[in-house]
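K.L.:
I'd like to ask you about the structure that follows.
Numbering (our numbering), first residue to last: 70 to 333.
Shown next, in the form of structure tokens:
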């Protein structure tokens, strides 16, 4: 492990550009993982980082030291606390950062068992929460429209808590085209939906459509859905947050499929 104390170090400068500029991450195709949990999830997915950087506390932490060894042959650099703090994307530095090649999404099969379609979800926290729920509910694929928040931004990565690495994430997707060609049931989540979510059959292939936080699912995409579903509430609030609505739908699907297996 080499030590770096200068801001002029090329590796530090490269990491600083990645942390500071979304355009740099997009241009290079490299994302930054901040924290042991994210790095562990990345390594558990069978991938190897490009570079790992730690501060003094991180170098002395047994968990982070193990992750650094697992990251071989990626170079591991110990930074001074001041340098590491300038790279950290959170108020309390986690002790470890890793640059990784941003995984590229693969085409989603038209008969995929469970897909989440996100249309113009702009809040990074919502995108991250939906990715986390999709991974937890067993969805294999998440497709994002071009106007969604960047799925690999630091805020989205933190909110998803490692969920990225259990999913096939496709950005810039033509959701209308996919929904029109999908062989399963495409379900648009809408407050004014004709049917209750809990009345729908979800044991076959399903694709849930979650729309923009303010505008909801667009008319064009809703027209491609085979069902428009509402989530019943007590009536004391007008609607659910996009991330919560998508999560409720995903776990209702998981519940139905689990119940069907239990009966079998």
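Just so it is clear, CB atoms sit at the ideal spot from N, CA and C, and this is done for glycine as well.
1. To the nearest whole angstrom, what separates the beta carbons of residue 197 and residue 236, a pair I think is in contact under 8 Å?
2. Restricting to runs no shorter than 4 residues, where is the alpha helix (DSSP H) found entirely within the stretch 255-324?
3. So, are the CB atoms of residue 293 and residue 259 less than 7 Å apart?
4. Are residue 168 and residue 119 close, meaning C-beta to C-beta below 7 Å?
5. Just to confirm, are residue 234 and residue 110 a CB contact at a threshold of 7 Å?
6. Does the distance from the C-beta atom of residue 244 to that of residue 290 stay below 7 Å?
7. Assuming residue 106 contacts residue 273 under a Cβ cut-off of 8 Å, what Cβ separation, rounded to an integer in Å, is found between them?
8. Give the range of the beta strand (DSSP E) segment to which residue 146 is assigned.
9. So, with DSSP's three-state summary, where would you put residue 195?
10. By alpha-carbon positions, which one of 141, 152, 207 and 315 ends up nearest to residue 72?
11. DSSP three-state label for residue 180, please.
12. If I'm right that residue 164 touches residue 183 with Cβ under 8 Å, what's the distance once you round it to whole angstroms?
13. Answer yes or no: do residue 179 and residue 295 have a C-beta to C-beta separation smaller than 7 Å?
14. Is it right to say residue 327 is buried, meaning 16 or more other beta carbons lie within 10 angstroms of its own, or is it exposed?
P.N.:
In terms of the structure at hand:
1. With a beta-carbon spacing of about 12 Å, residue 197 and residue 236 fall beyond the 8 Å limit used to define contacts.
2. Segments of the alpha helix (DSSP H) lying fully in the stretch 255-324: 288-293.
3. It is not a contact, given that the beta carbons lie outside the stated cut-off.
4. For residue 168 and residue 119, yes; Cβs fall inside 7 Å.
5. Result yes, Cβ atoms of residue 234 and residue 110 sit closer than 7 Å.
6. Cβ distance < 7 Å, so residue 244 and residue 290 count as in contact.
7. Not quite, the Cβ-Cβ distance comes to about 34 Å (not below 8 Å), so this is no contact.
8. Residues 145-148.
9. Secondary structure of residue 195 (DSSP, three-state): helix.
10. Nearest Cα to residue 72 within the set 141, 152, 207 and 315: 152.
11. It is coil, neither helix nor strand.
12. Residue 164 to residue 183, Cβ: 35 Å. No contact.
13. For residue 179 and residue 295, no; Cβs fall outside 7 Å.
14. Under the 10 Å beta carbon count, residue 327 is surrounded by fewer than 16 other beta carbons and is classified as exposed.
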